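So the sequences go chain by chain: A and B.
Going from the first sequence to our numbering is simple: count from 1 and add 5.
Going from the second sequence to our numbering is simple: count from 1 and add 5.
The beta carbon of each residue, even a glycine, is placed where N, CA and C say it ideally should be.
Values in this document were obtained by computation on a predicted structure and should not be read as measured data.
Right, one structure below, let's go through it.
There are 2 protein chains.
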Amino acid sequence: MFSPLIDDLINALRCLPGVGPKSAQRMALHLLERDKPAAAKLAARLGEAVEKVGRCQKCRTLTEQTICNTCANPKRSSKQLCVVETPADVLAIEQAGNYDGKYFVLLGHLSPIDGIGPEDIGIDLLLERLQSEAVEELILATNPTVEGEATAHYLAAQAKGLNVSVSRIAHGVPLGGELEYIDGGTLAHAFNSRRSV
Amino acid sequence: MFSPLIDDLINALRCLPGVGPKSAQRMALHLLERDKPAAAKLAARLGEAVEKVGRCQKCRTLTEQTICNTCANPKRSSKQLCVVETPADVLAIEQAGNYDGKYFVLLGHLSPIDGIGPEDIGIDLLLERLQSEAVEELILATNPTVEGEATAHYLAAQAKGLNVSVSRIAHGVPLGGELEYIDGGTLAHAFNSRRSV
């Protein structure tokens, strides 16, 4: 359609999530017509990130350091360890702002159907860490999806023999939500997990 | 929030049209977590395109060649010259499939308020081409917006003395459209431009 280099760029842009052929074309033409400096910067940043960003050796989150800032921070307690699925979940919990323990990022969830077993999401590393460090509480904050729940159950079972108390974040009606619009599963869960006042 | 390289990448991704902070974060994490080969390819393609893609010396469209494929194609008639605003417009007309003349791409439109005058959109080059080549018909296919119409009027006035017939693409009710849902301006235009059957 366009010249080969532009067509190649449009195809390459389609690797971005949520970007189809029309958006990719719009992005490519926008960058080349109006914002070449920003495009050059993006190419450089992307190349550098692909080359240097790897996983933190302690918590498996994405970082260009050997040990990420959160793991290296001496002000954070090592007594609590929160297990999440992705680095974006770490950010969400940090923005909530009331947790000062450490994290372990699975970068995925158990999914036997896709061939993803415990080693693929670093559960061996997690169990090793539970044994070697003085972790008192393991907080399971995987997503409340089928795979996330299965991963949480598996982790709870594995941690049982290790003298660590295990907890799961609460599920129920979100603040500001209206009961009328909440799905039945969530509402049933909220009833079953009610607390005395 | 994340490590510096990842934050830089998220900021750089915001140069893409329609990408806000949340989408940029999602894109960066997706690329780094799941699709590093595609990300490396995108970085390479983008860098190459920024470096090599420039403008066709004849029609001003985006291309990495000196003269683009459409201009260099001897099978296309030089008697008709179609003026459009962007390379995407060329693609749209090519996909409609019934035009085999050549193009001239303004890469913008007249917009005195933004300081965009005739030289900025290559109108001097266009007029020179009308004089030096045997162009018989100049087809104005700028967008039916205020700026596009103003650009078309300006071009028509400029081309008047050059022995070239000037035409404007038709505006009216699109095929498959229902009158009930067409805006008043378009409908008035469709009435005023009615043709005898």
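- In the same chain as glutamate 141 of chain B, and ignoring 5 residues on each side of it, the C-beta atoms closer than 6 Å to its own belong to Lys84, in chain order.
- Buried is the label assigned to threonine 91 of chain B, since at least 16 other Cβ atoms lie within 10 Å of its Cβ.
- Secondary structure of threonine 66 of chain A (DSSP, three-state): coil.
- The three-state reading of DSSP puts leucine 21 of chain A in coil, since its state is none of H, G, I, E or B.
- For serine 198 of chain B, no alpha helix (DSSP H) segment is defined, and its DSSP state is neither H nor E.
- Counting C-beta pairs closer than 8 Å gives three or more between the region 64 to 77 of chain B and the region 103 to 117 of chain B, which meets the contact rule.
- Taking a contact to require three or more Cβ pairs closer than 8 Å, the region 17 to 36 of chain B and the region 43 to 51 of chain A qualify as touching.
- The Cβ atoms of isoleucine 11 of chain A and alanine 54 of chain B lie closer than 8 Å to each other.
- For asparagine 74 of chain B, the chain A residues whose C-beta falls within less than 8 Å of its own C-beta are Ser8, listed in chain order.
- At a Cβ-Cβ threshold of 8 Å, isoleucine 144 of chain A and leucine 184 of chain A do not count as neighbours.
- Taking the Cα of alanine 155 of chain B as reference, the smallest distance to any Cα among B:Ser116, B:Val95, B:Gly189 is reached at B:Ser116.
- In the DSSP annotation of this structure, the continuous segment of the beta strand (DSSP E) that includes lysine 107 of chain A starts and ends at 107 to 110.
- Between aspartate 119 of chain A and serine 82 of chain A a beta carbon distance of about 35 Å is seen, past the 8 Å cut, so the two are scored as non-contacting.
- Residue B:Ala93 holds the alpha-carbon nearest to the alpha-carbon of proline 26 of chain A among B:Ala93, B:Gln136, B:Gly52, B:Ala139.
- In this structure, alanine 193 of chain A keeps its C-beta atom at 8 Å or more from the C-beta atom of isoleucine 174 of chain A.
- The criterion of a C-beta distance shorter than 8 Å is satisfied by valine 171 of chain B and alanine 161 of chain B.
- In terms of beta-carbon proximity, arginine 31 of chain A lines the interface with chain B, with at least one pair separated by less than 8 Å.
- Nearest to glycine 189 of chain A by C-alpha distance, out of A:His176, A:Ala101, A:Gly181, A:Asn78, is A:His176.
- Non-local beta-carbon contacts of isoleucine 121 of chain B in its own chain, meaning distances under 8 Å to residues more than five positions away in sequence, involve Gly113, His114, Leu115 in chain order.
- Glutamine 70 of chain B belongs to the set of residues whose beta carbon lies under 8 Å from a beta carbon in chain A.
- Contact between leucine 37 of chain A and valine 89 of chain B is absent: CB atoms are separated by about 16 Å, not below the 8 Å threshold.
- The distance from the Cβ of alanine 33 of chain B to that of leucine 14 of chain B is about 5 Å, consistent with a contact at the 8 Å cut-off.
- Assignment of arginine 50 of chain A by DSSP, reduced to helix, strand and coil, places it in the helix class.
- Among the residues of chain A, those whose CB is under 8 Å from the CB of cysteine 20 of chain B are Leu36, Asp40, Ala43, Ala44, Lys46, Leu47, following chain order.
- In terms of Cα proximity to glycine 127 of chain B, the closest of B:Gln62, B:Arg200, B:Phe196 is B:Gln62.
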